[in-house]
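The structure under discussion appears below in the form of structure tokens.
4 protein chains.
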Amino acid sequence: MTSEFKVSNPDYAETVRASFGRQGLMHTLGARIVAIEPGWCVIEMAYAPGLSQQHGYFHAGAIGAIADSAAGYAAYSLMPAGAEILTVEYKLNLIRPALPPTLRAEGRVMRTGKTLTVCRTDVYRVGPAPGGSAEACALMQSTMMRVEPAA
Amino acid sequence: MTSEFKVSNPDYAETVRASFGRQGLMHTLGARIVAIEPGWCVIEMAYAPGLSQQHGYFHAGAIGAIADSAAGYAAYSLMPAGAEILTVEYKLNLIRPALPPTLRAEGRVMRTGKTLTVCRTDVYRVGPAPGGSAEACALMQSTMMRVEPAA
Amino acid sequence: MTSEFKVSNPDYAETVRASFGRQGLMHTLGARIVAIEPGWCVIEMAYAPGLSQQHGYFHAGAIGAIADSAAGYAAYSLMPAGAEILTVEYKLNLIRPALPPTLRAEGRVMRTGKTLTVCRTDVYRVGPAPGGSAEACALMQSTMMRVEPAA
Amino acid sequence: MTSEFKVSNPDYAETVRASFGRQGLMHTLGARIVAIEPGWCVIEMAYAPGLSQQHGYFHAGAIGAIADSAAGYAAYSLMPAGAEILTVEYKLNLIRPALPPTLRAEGRVMRTGKTLTVCRTDVYRVGPAPGGSAEACALMQSTMMRVEPAA
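Quick note, the sequences are listed as chains A, B, C and D, same order. Numbering follows my numbering, with no gaps: position 118 of the first sequence is 118. Each number in my numbering corresponds to the 1-based position in the second sequence with 1000 added. Each number in my numbering corresponds to the 1-based position in the third sequence with 2000 added. Each number in my numbering corresponds to the 1-based position in the fourth sequence with 3000 added.
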């Protein structure tokens, strides 16, 4: 993806990966960043029984978690060094069964302002077929806020 | 809480707990149901480093996960025996820092129809103070769908 | 409603009403403020054919409009004199048919911060007779931002 | 836009336009359909003082109204003759000032099922001159439900 965004932190990729490494939940879910570019972040998560809802699909909460992190790091990639970021809100639609083997959340920045950044994230099933199509199984729209780090 | 809802499955509590027991993610997060009544479900989750975002708070994804399950089981408690339930969509606002030691998600049904059920869930920090107040740290509004079980 | 909120603009009611008076859309919709207290605003709108969707109910867009303004002015009532306010985002669930004769949107502040305010708004059908109950027909959850006035 | 959707009502365009014509609110707002294709609907609305919020921009409620109708008719275009449609919920982010002279809401279907259809709608400022760019000023994600017509 070619980005139209201006980067203010030349080390954004390392900054994002270091922050992601501190997200204990991402480690618990087995999620990992597979791409990070200015305003764009992709996170993948392989299926495990510990991620399921009652029918054996990925739980909507696990989907929301990687979609939220993908959006957050897409936004964070555009922030200056030293900035911190928090999620203000997110909204997720589950539109197809979220089946194994792997989900991929692609977060992208739609608008970045001084304080707030708005993102859309598409979550896809990936992997060997059947069901390994590129059709989205979930759609998120969300808002992030840049906050000053605590002294 | 006194409920105004009519129960169609007299064994709703057992049905809910059995379904919850099949949600691998709830086990992974250390979440448990602490109350289930018609149209009302409370889930608690104690803090662990594996639930964190980058600043050590509960990750918004973990908050969303228990809020979604609380809403889902509030809705499911009103469905007839044999019905299945899926999340259509949820929207979460993070309004205060989600700090240890424990979060409590209280899901309640706002409207139940033949196919769709709409819920609101409030997530509170609980536990010995400071910060152990009853102020909500997150608010969810969500939609559930009753589906026919696969043959 | 007794408010727990601290008022910083002693003339908040006049400030809110003056701002509302500049909202051309509220005049177009025939909407009016029927209550304003700290962190709380109620707007009513009587049915007219020019507010309908295709079945003759109130259009979801008209419902969203008064719910958004009710939330916005609930939030604005807590802001200092001279502040300005913008809607960041809102999410609306339509849960019962929005029938004549009148809708009432009750917006209340759930959390107010330095920059952002989060509100919930319940929209009720009011009026004499069948359907004139106090059951909500729509639920909103939304975020407002305080902005500095343009110089 | 080339559509991947299968049409079940060959007269979908006339059906959509007839339904739109019964939406009194669209007439009140001065909105009109400028494009309708399978799974895709574009609505435009020219600025008028009666559509404003307190700063003279388009009111978020007017933006939500045309975005909701664009999504609804994108969804409705794929439904069989005789079906009816209702909005279940919508979520709108306001991301840039919604300035005159004209807004264009482009609604598209992201997923259509037997009962529910999920859409995304982008709202753009259009028109000559400063601000007449193709940058989105609002983003919606929403859910529609097919309902059986009342007998």
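Virtual Cβ for every residue (Gly too), placed ideally from N, Cα, C.
Could you tell me the alpha carbon to alpha carbon distance between Tyr3012 (chain D) and Val3034 (chain D), rounded to whole angstroms? What you label residue 3012 (chain D) is simply residue 12 of the fourth sequence in a count that begins at 1. What you label residue 3034 (chain D) is simply residue 34 of the fourth sequence in a count that begins at 1. Distance between the alpha carbons of Tyr3012 (chain D) and Val3034 (chain D): 15 Å.
Hey, out of C:Ser2008, C:Leu2099, C:Leu2116 and C:Tyr2124, whose CA is closest to Gly2107 (chain C)'s CA? Start at 1 with the first residue of the third sequence, and residue 2107 (chain C) comes out as number 107. Looking at the Cα atoms, C:Tyr2124 is the closest of the given residues.
Three-way DSSP call (helix, strand, coil) for Asp11 (chain A) in this model: On the first sequence, residue 11 (chain A) is found 11 positions in, with the first residue counted as 1. In the structure shown, Asp11 (chain A) sits in coil (DSSP, three-state: anything other than H, G, I, E or B).
Would the beta-carbon of Ala98 (chain A) fall within 8 Å of that of Ile85 (chain A)? To locate residue 98 (chain A), count along the first sequence from 1; it is residue 98. To locate residue 85 (chain A), count along the first sequence from 1; it is residue 85. Taking the C-beta atoms as reference points, Ile85 (chain A) is found no nearer than 8 Å to Ala98 (chain A).
Could you check where the alpha helix (DSSP H) with Thr28 (chain A) kicks off and where it finishes? Taking the first sequence and counting its residues from 1, one reaches residue 28 (chain A) at position 28. Here the alpha helix (DSSP H) through Thr28 (chain A) covers Gly24 to Leu29.
Taking all protein chains shown into account, do 16 or more other C-beta atoms lie within 10 angstroms of the C-beta of Thr2002 (chain C), making it buried, or fewer, making it exposed? The count along the third sequence starts at 1 and reaches residue 2002 (chain C) at position 2. Interpretation of Thr2002 (chain C) is limited by its pLDDT of 45, a score under 50 that renders its predicted location unreliable; the figure taken from the coordinates is listed afterwards. By the 10 Å Cβ count, Thr2002 (chain C) comes out exposed.
Simplified DSSP state of Met2001 (chain C), which is helix, strand or coil: Mapped onto the third sequence, residue 2001 (chain C) falls at position 1. Low confidence applies here, because Met2001 (chain C) scores a pLDDT of 42, under 50, leaving its location unreliable; read the following figure in that light. Coil at Met2001 (chain C), not helix or strand.
Identify the contact partners of Gly2082 (chain C) in chain D, using a Cβ-Cβ distance below 7 Å as the criterion. The residue labelled residue 2082 (chain C) in the question sits at position 82 within the third sequence. What Gly2082 (chain C) touches in chain D, judged by beta-carbon distance under 7 Å, is nothing: the nearest beta carbon there is about 14 Å away.
Between Asn1009 (chain B) and chain C, is there a C-beta pair that is closer than 8 Å? Walking along the second sequence from the start, residue 1009 (chain B) turns up at place 9. No - not a single Cβ of chain C is within 8 Å of the one on Asn1009 (chain B).
Are the Cβ atoms of Ala1071 (chain B) and Met1144 (chain B) separated by less than 8 Å? As a position in the second sequence, residue 1071 (chain B) is number 71, starting the count at 1. As a position in the second sequence, residue 1144 (chain B) is number 144, starting the count at 1. In this structure, Met1144 (chain B) lies closer than 8 Å to Ala1071 (chain B) by Cβ.
Below-8 Å beta-carbon distance, Leu2139 (chain C) vs any chain B residue: Here residue 2139 (chain C) corresponds to residue number 139 of the third sequence, with the count starting at 1. True, the Cβ-Cβ gap to chain B drops below 8 Å.
According to the Cβ coordinates, are Val2109 (chain C) and Leu2078 (chain C) closer than 8 Å? Taking the third sequence and counting its residues from 1, one reaches residue 2109 (chain C) at position 109. Taking the third sequence and counting its residues from 1, one reaches residue 2078 (chain C) at position 78. In this structure, Leu2078 (chain C) lies closer than 8 Å to Val2109 (chain C) by Cβ.
According to a CB-to-CB cut-off of less than 7 Å, which residues of the segment 2105-2120 of chain C neighbour chain A? Thr2115 and Leu2116
On a CA-only basis, which of D:Glu3014, D:Gly3024 and D:Gln3053 is nearest Gly2024 (chain C)? Give me that one, please. Stepping through the third sequence from its first residue, residue 2024 (chain C) is reached at position 24. The shortest Cα separation from Gly2024 (chain C) among D:Glu3014, D:Gly3024 and D:Gln3053 belongs to D:Gln3053.
Neighbour list for Glu148 (chain A) in chain C, Cβ cutoff strictly below 7 Å: If you number the first sequence from 1, residue 148 (chain A) lands on position 148. Listed along chain C is no residue with a C-beta nearer than 7 Å to that of Glu148 (chain A); the closest approach is about 11 Å.
Taking only the alpha-carbon atoms, compute the straight-line gap between Arg2111 (chain C) and Arg1096 (chain B) and give it to the nearest angstrom. Here the question's residue 2111 (chain C) lines up with position 111 in the third sequence. Here the question's residue 1096 (chain B) lines up with position 96 in the second sequence. The C-alpha of Arg2111 (chain C) lies about 8 Å from the C-alpha of Arg1096 (chain B).
Only counting the same chain, and skipping five residues up and downstream in sequence, which positions put a Cβ closer than 8 Å to that of Gly82 (chain A)? Residue numbering aside, residue 82 (chain A) sits at position 82 when the first sequence is read from its first letter. So the qualifying residues of the chain are Pro149.
If you measure from the beta carbon of Arg1096 (chain B) to each beta carbon in chain C, is any gap under 8 Å? As a working mapping, residue 1096 (chain B) is identified with position 96 in the second sequence. Answer yes: the Cβ-Cβ gap between Arg1096 (chain B) and chain C drops below 8 Å somewhere.
Given Ala136 (chain A), which residues of its chain have a CB within under 8 Å of its CB, disregarding the five upstream and five downstream residues? By one-based count along the first sequence, residue 136 (chain A) stands at place 136. These residues qualify, in order along the chain: Ile95, Arg96, Asp122, Val123 and Tyr124.
Members of the segment 3046-3062 of chain D near chain C, C-beta cut-off 7 Å: Across the segment 3046-3062 of chain D, CB contacts with chain C closer than 7 Å involve Pro3049, Gly3050, Leu3051, Ser3052, Gln3053, Gln3054, His3059, Ala3060, Gly3061 and Ala3062, in sequence order along the chain.
So Gly3061 (chain D) packs on Asp2068 (chain C), CB below 8 Å; how close in whole Å? Residue mapping note: residue 3061 (chain D) aligns to position 61 of the fourth sequence, counting from 1. Residue mapping note: residue 2068 (chain C) aligns to position 68 of the third sequence, counting from 1. Contact flag correct, Cβ pair sits at about 5 Å.
Consider the Cβ of Ala136 (chain A): report whether some Cβ of chain C lies at a distance smaller than 8 Å. Along the first sequence, one-based indexing puts residue 136 (chain A) at 136. For Ala136 (chain A), not one C-beta of chain C is nearer than 8 Å to its own C-beta.
Cβ-based burial, Arg3120 (chain D) [other Cβ within 10 Å; buried from 16]: Locating residue 3120 (chain D) in the fourth sequence gives position 120, counting from the first residue. With 16 or more other Cβ atoms within 10 Å, it is buried.
Cβ-heavy atom distance between Ala3071 (chain D) and the ligand FAD below 7 Å? Summarising the ligand content, the structure contains no ligands, and the ligand FAD is consequently not present.
Alpha carbon to alpha carbon, what distance is there between Asn1009 (chain B) and Glu1089 (chain B)? Taking the second sequence and counting its residues from 1, one reaches residue 1089 (chain B) at position 89. Taking the second sequence and counting its residues from 1, one reaches residue 1009 (chain B) at position 9. So the two alpha carbons sit approximately 25 Å from each other.
What is the DSSP secondary structure of Tyr1124 (chain B), reduced to helix, strand or coil? What you label residue 1124 (chain B) is simply residue 124 of the second sequence in a count that begins at 1. Tyr1124 (chain B): strand per DSSP, three-state reduction.
Using beta carbons (cut-off 8 Å, strictly below), is Thr3015 (chain D) in contact with chain F? No chain F appears in the structure shown, which is made up of the protein chains A, B, C and D.
Less than 6 Å between C-beta atoms, sequence neighbours within five positions excluded: which residues of the same chain meet that for Val3118 (chain D)? As a first step, residue 3118 (chain D) must be located in the fourth sequence, where it is residue number 118. Excluding positions up to five away in sequence, the list reads Met3110, Arg3111 and Thr3143.
For the alpha helix (DSSP H) that Ala2046 (chain C) lies in, which residues bound it at each end? Numbered from its first residue, the third sequence carries residue 2046 (chain C) at position 46. Not the alpha helix (DSSP H): Ala2046 (chain C) falls in the beta strand (DSSP E), residues Trp2040 to Ala2046.
So, at 8 Å on beta carbons, what are the nonlocal neighbours of Ala3048 (chain D) in its own chain, with the 5 sequence-adjacent residues on each side left out? As a first step, residue 3048 (chain D) must be located in the fourth sequence, where it is residue number 48. Gly3030.
Cβ atoms of Thr28 (chain A) and Gly1050 (chain B): under 8 Å apart, would you say? As a working mapping, residue 1050 (chain B) is identified with position 50 in the second sequence. As a working mapping, residue 28 (chain A) is identified with position 28 in the first sequence. Cβ distance < 8 Å, so Gly1050 (chain B) and Thr28 (chain A) count as in contact.
Own chain partners of Gln2141 (chain C) with C-beta closer than 7 Å, once the 5 adjacent residues on each side are dropped: For this step, residue 2141 (chain C) is matched to residue 141 along the third sequence. The answer, listed in chain order, is Lys2091 and Arg2120.
Beta bridge counterpart(s) of Val3147 (chain D) as assigned by DSSP: Your numbering for residue 3147 (chain D) matches position 147 in the fourth sequence. Paired residue(s): D:Glu3084.
Ser1019 (chain B) (DSSP reduced to helix, strand or coil): As a working note, residue 1019 (chain B) is residue 19 in the second sequence. Ser1019 (chain B) falls in the helix class under three-state DSSP.
Under 8 Å, Cβ to Cβ, is there at least one residue of chain D near Lys91 (chain A)? Within the first sequence, numbered from 1, the residue matching residue 91 (chain A) stands at position 91. Answer yes: the Cβ-Cβ gap between Lys91 (chain A) and chain D drops below 8 Å somewhere.
Contacts around Asn2093 (chain C), its chain only, beta-carbon distance under 6 Å, and the 5 residues preceding and following it disregarded: As a position in the third sequence, residue 2093 (chain C) is number 93, starting the count at 1. Cβ within range, chain order: Leu2139.
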